[in-house]
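Residue numbers for the sequence shown follow the numbering used here, beginning at 1386 and rising by one. Remarks on the structure that follows.
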Amino acid sequence: MWLLIIILIPSIICSFLHLYHLISKRTLRVALNNHPIIALICTTFFIQLIDIPLYIHYLRLGYVWPQTAVYCIIWWNTDGPPFGTMVTIIAEASLTRHILIFHDKLLSTSKKRLFFHYIPLIITTVYPFVYLVLLQIFIKCDEPFPYDYTLPWCGYYPCFGYYSFFSQWMYYFNLVGGTIIAVISDIALIGRVIWQRHIRLHQPFLWKKYRKMAIQLLSVSIFCSSFNSPMIIYGVLIYSGVLLDNNDNLTVDLYFVSCLGMLFTPIVMILSLPKKYWWGKWRMKFFGRR
């Protein structure tokens, strides 16, 4: 618990500074390659300010408090949708970087940018929220839902979590699919950049541009995928029937690992910026010139 609290504070600070950096300057704000990062930071902010504090509160007490249905519903909707959104945004960003770097003509007009950039980003950002909210509206419990206040999220899932099709779709398509797409796209991107470096040695400026974009994306993807994969794999084993019983203690521990990944992500993103930003710029703002 204390580890989460210690990391949470600098993580929030990094999210704020990075978001301020991207939206305070028009050139950065309108740059297409920054839009997925802005969406990812906003989603991470949501998790940092609501979901993780609720999880820390549960770890401190050992049970859910206050023990009300409204509290449980709020916790469900501040955990599942943002977590899924992080995965889908990273997957979309991994694919979009191929277009930005190697097929920039697809973004040469406003209509093309709308079709190949804005619409995919909006869908991947909004889809997990809409999907889970609609399921909660249209799938009703046959009996009053048995909230278990001794477990995190009051028993893990709303009613739809016990309908195999919807729960498996959420895991296999949203989480597993998004993670696989991100990993494959990142590997392909690094391979293409390395190949371009060898066949275009006379264009060092282009290679420098590719390298910065690739390193930023790869660092974020590695952290998110590494910390989230244990939780995702465990869920797949449960839904596929390989594991018949859900180990509550293991679930809490795996989510703890996922929380660490979510908290480290803003720190990794801001450290992936040039040193003159995260060291020089803010040192001058807070301490003045030396």
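We treat Cβ as the ideally placed atom computed from N, Cα and C, and that holds for glycine. Everything numeric in this text was worked out from a predicted model, so none of it was measured.
Quick check on the DSSP output: the alpha helix (DSSP H) that includes residue i runs from which residue to which?
i, result
"Asp1633", "Asp1633 to Leu1656"
"Val1472", "Gly1465 to Phe1487"
"Trp1387", "Trp1387 to Ser1409"
"Val1455", "Ala1454 to Asn1462"
"Leu1519", "Ile1504 to Phe1523"
"Lys1496", "Ser1495 to Arg1498"
Return the CA-CA distance between residue i and residue j, expressed in angstroms with no decimal places.
i, j, result
"Gly1465", "Ile1408", "27 Å"
"Gln1433", "Ala1416", "26 Å"
"Ile1484", "Asn1632", "42 Å"
"Tyr1448", "Arg1414", "42 Å"
"Leu1444", "Val1515", "29 Å"
"Gly1576", "Ser1657", "20 Å"
"Phe1590", "Ile1486", "At Phe1590, the pLDDT of 45 sits below 50, so the modelled position is not reliable; the number obtained from the coordinates is stated separately. Their backbone Cα atoms lie some 13 Å apart in a straight line."
"Leu1499", "Ser1479", "18 Å"
Let me confirm a value: residue i is counted as buried when at least 16 other C-beta atoms fall within 10 Å, else exposed. Which label applies?
i, result
"His1488", "exposed"
"Met1654", "buried"
"Met1555", "buried"
"Phe1523", "exposed"
"Gly1626", "exposed"
"Asn1634", "exposed"
"Trp1538", "buried"
"Ile1426", "buried"
Measure how close the beta-carbons of residue i and residue j come, nearest whole angstrom, since I'm counting them as under 8 Å.
i, j, result
"Thr1481", "Pro1421", "6 Å"
"Ile1475", "Ser1606", "6 Å"
"Ala1424", "Leu1506", "6 Å"
"Tyr1619", "Leu1602", "Actually they are not in contact, since the Cβ atoms of Tyr1619 and Leu1602 sit about 26 Å apart, beyond 8 Å."
"Gly1563", "Thr1473", "5 Å"
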